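Engineer:
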Amino acid sequence: MRTAKIKLKWWQLALLSVAVSILGKIAGGKSSEDEETIYREKFNQAPWAPPAWLFGPAWTINNFFLLWALQDLINSEDSLYKKSLLWLQLPIWAIFFTFNYIYFNKRSTVLAAVWTKADSVLAIISFILAMKKDRKFSWNYAPLAAWTTFASTVADYQALKNPDPFMKTKALL
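Heads up: the sequence shown begins at 1114 in the working numbering, then just goes up one per residue.
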């Protein structure tokens, strides 16, 4: 018995990416203060931190390519790389759907840094593994790897320069 292949058009994946990005924001729950206020005014930010409005589009792009990779993986022949890459998608999505809760609701700069660094490592591992499967396919992981590696520097700065009320730690710098 043959299983039907899932093949969404690029614009369907784009719409799905927007929906997933909105769900990620909703999954964080409602914080007591506006997220922009928390991001800009409550935390000492890295001088190179991007503006808050950039995160929505960046994550929509990241999600588009992750969903494109997921679709390709589901439709590809079974292999060790396929299984590994599918398993790596699980923690990547778990981090995505829990980050806003950790950062905006719990205001944990330390856990936000850990989450961001973990996401970066998972994306880089996925990129490297995917290169062994198919060079062109591996580029689906490049936006997430680039964004989270950059974001890790911002998150590390925040973790060092701000107290963490959830972890009950003081700013180290």
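Note that the Cβ used here is the ideal one computed from N, Cα and C, for glycine as well.
Model, not experiment: these values are computed from the prediction.
For the alpha helix (DSSP H) containing residue 1121, list its first residue and its last residue.
Structural biologist: By 1-based counting over the sequence shown, the position of residue 1121 is 8. Residue 1121 -> no alpha helix (DSSP H), and no H or E assigned at all.
Engineer: If I measure Cβ to Cβ from residue 1114 and keep anything under 6 Å in the same chain, skipping five residues before and after, which residues do I get?
Structural biologist: Numbered from 1 along the sequence shown, position 1 holds the residue referred to as residue 1114. With a pLDDT of 46 at residue 1114, under the threshold of 50, the modelled position of that residue is not reliable, and the figure given next carries that caveat. Nothing meets the Cβ criterion.
Engineer: Which stretch, first to last residue, makes up the alpha helix (DSSP H) that contains residue 1260?
Structural biologist: Counting from 1 along the sequence shown, the entry for residue 1260 is found at position 147. Residue 1260 -> alpha helix (DSSP H) spans 1255-1274.
Engineer: Quick one: residues in its chain with C-beta nearer than 7 Å to the C-beta of residue 1176, no 5 flanking neighbours on either side, listed in chain order?
Structural biologist: Here residue 1176 refers to the residue found at position 63 when the sequence shown is read from its first residue. Within the same chain, residue 1176 has close Cβ partners 1130, 1133 and 1134.
Engineer: For the alpha helix (DSSP H) that residue 1243 lies in, which residues bound it at each end?
Structural biologist: Here residue 1243 corresponds to residue number 130 of the sequence shown, with the count starting at 1. 1222-1246 is the extent of the alpha helix (DSSP H) around residue 1243.
Engineer: State the start and end residues of the unbroken alpha helix (DSSP H) segment that holds residue 1195.
Structural biologist: Taking the sequence shown and counting its residues from 1, the one referred to as residue 1195 is at position 82. Run containing residue 1195: 1193-1213, per the alpha helix (DSSP H) assignment.
Engineer: Taking residue 1190 as the reference, give the member of 1263, 1118 and 1268 with the closest Cα.
Structural biologist: Within the sequence shown, residue 1190 is the residue found at index 77, counting from 1. Comparing Cα positions, the closest option is 1118.
Engineer: Let me check you understand the geometry: is the CB of residue 1219 closer than 7 Å to at least one non-hydrogen atom of the ligand HEM?
Structural biologist: With respect to the ligand HEM, the structure shown offers nothing to examine, as it has no ligands at all.
Engineer: With a threshold of 16 other CB atoms inside 10 Å of the CB of residue 1126, please say whether the residue is buried or exposed.
Structural biologist: Residue mapping note: residue 1126 aligns to position 13 of the sequence shown, counting from 1. So residue 1126 ends up on the buried side.
Engineer: CB-CB under 8 Å to residue 1375, same chain, minus the five flanking residues each way: which ones, in chain order?
Structural biologist: Outside the shown range of the chain (1114 to 1286) lies residue 1375, about which nothing can therefore be said.
Engineer: When you compare the region 1252-1264 with the region 1231-1244, are there three or more beta-carbon pairs, one atom per stretch, that lie closer than 8 Å?
Structural biologist: Output reads yes: the region 1231-1244 touches the region 1252-1264.
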